[in-house]
Amino acid sequence: MDLFDAMRDRRSIRGFTDAPVSRALMEEVLAAANMAPSSMNTQPWHFHVLSGEVLENVRKGNSERMLAGVEPSREIMAHGAYEGVHRDRQVGIAKQLFAAMGIAREDKVMRQDWVMRGFRQFDAPVSVVVTYDKVLDEHGPIAVFDAGAAVYGLVLAAWAKGLGAVINGQGIMQSPVVRECADIPEDQVILTCVALGWPDEEFAANDVKATRREVSENCSFQGFDADGAGRRTPRSEAAE
Ligand SMILES: Cc1cc2nc3c(=O)[nH]c(=O)nc-3n(C[C@H](O)[C@H](O)[C@H](O)COP(=O)(O)O)c2cc1C
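Take the sequence shown: its letter number 44 is residue 44 in full-length UniProt numbering, and every next letter is one higher.
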């Protein structure tokens with residue numbers, strides 16, 4: 001699969017078949033994710049790959065607490081309510097997903113059902129809980145940046161193998177449950193999880209293509225020639 005095709009075509013997958021995912025395939029995908037660049041090659045991320053009963057316990061504990069109204073308990077700073085253009089984009093993807101699933105704006109029951117699917121990690125057969133080394137929190141947000149690069153590598157590698165994935169903050173909303181069920185070491189911070197499995201072709205939300213900005217909208221270029229070439233200035237001419 002061409003890398004550009006994969007980057008263009010990939011989308012979050014939120015409906016999965018019952019087909020199992022082999023550990024060997026996961027190891028292949030995770031090996032590719034491990035190739036991500038990181039600050040000074042520190043490689044601060046860890047992948048806890050859950051399935052079967054362990055994953056069932058995570059979804060059960062996470063969902064039950066959310067349903068019972070327990071305050072979300074995450075280990076990274078909560079992003080809170082988005083505003084302005086970010087809120088607009090958030091609403092945009094929600095509308096696309098609800099439209100695909102035939103969930104009406106006023107249908108509170110089905111909207112709640114959709115939210116609960118997220119807390120259950122969309123009933124995926126596999127979930128990768130992503131953590132990073134806690135000691136690096138003293139060095140600012142760079143470890144989160146590094147882990148994010150690895151997570152994008154993970155979802156792209158999964159896509160290249162025909163697997164579907166969704167990065168799923170909802171799945172670790174009750175992080176103490178995840179920590180206990182998945183036996184996460186105390187010296188790691190739970191960042192997110194990625195739900196994975198074989199895409200269910202019948203699941204309408206899997207066809208939703210989220211919008212993106214054009215290069216002209218969010219990229220700026222400076223110092224390029226009038227003919228569009230970016231060149232280095234010969235050292236002798238470079239400004240002192
Ligand atoms: C940090 C992060 C957390 C996310 N958490 C969720 C989530 O909890 N539930 C969900 O349905 N999608 C979640 N997503 C997926 C985003 O909604 C999705 O990536 C975005 O809408 C763009 O769509 P695409 O991945 O199909 O291109 C998350 C993505 C990221 C990067």
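C-beta: ideal position from N, C-alpha, C; glycine also.
According to DSSP, Trp-45 shares a beta bridge with Tyr-132. The stretch 132-151 and the stretch 19-26 do not touch, with fewer than 3 CB-CB distances between them shorter than 8 angstroms.
In the same chain as Lys-209, and ignoring 5 residues on each side of it, the C-beta atoms closer than 7 angstroms to its own belong to Arg-11, in chain order. Below 8 angstroms, enough C-beta pairs join the stretch 33-49 and the stretch 140-158 to call them touching: three or more.
A buried status is given to Met-66, since no fewer than 16 other beta-carbon atoms sit within 10 Å of its beta-carbon. By the Cβ neighbour-count rule, Gly-197 is buried, with 16 or more other Cβ atoms within 10 Å of its own. By the Cβ rule, the stretch 115-132 counts as touching the stretch 50-59, because three or more pairs are nearer than 8 angstroms. At a threshold of 8 angstroms, Gln-222 does not count as near ligand 1, since its beta carbon sits no closer than that to any of the ligand's heavy atoms. Residue range 188-197 is occupied by the beta strand (DSSP E) that includes Val-189. The C-beta distance from Glu-75 to Ile-190 rounds to 5 angstroms, short enough to meet the 8 angstroms contact threshold. Between Thr-42 and Asp-123, the C-beta spacing is not below 9 angstroms.
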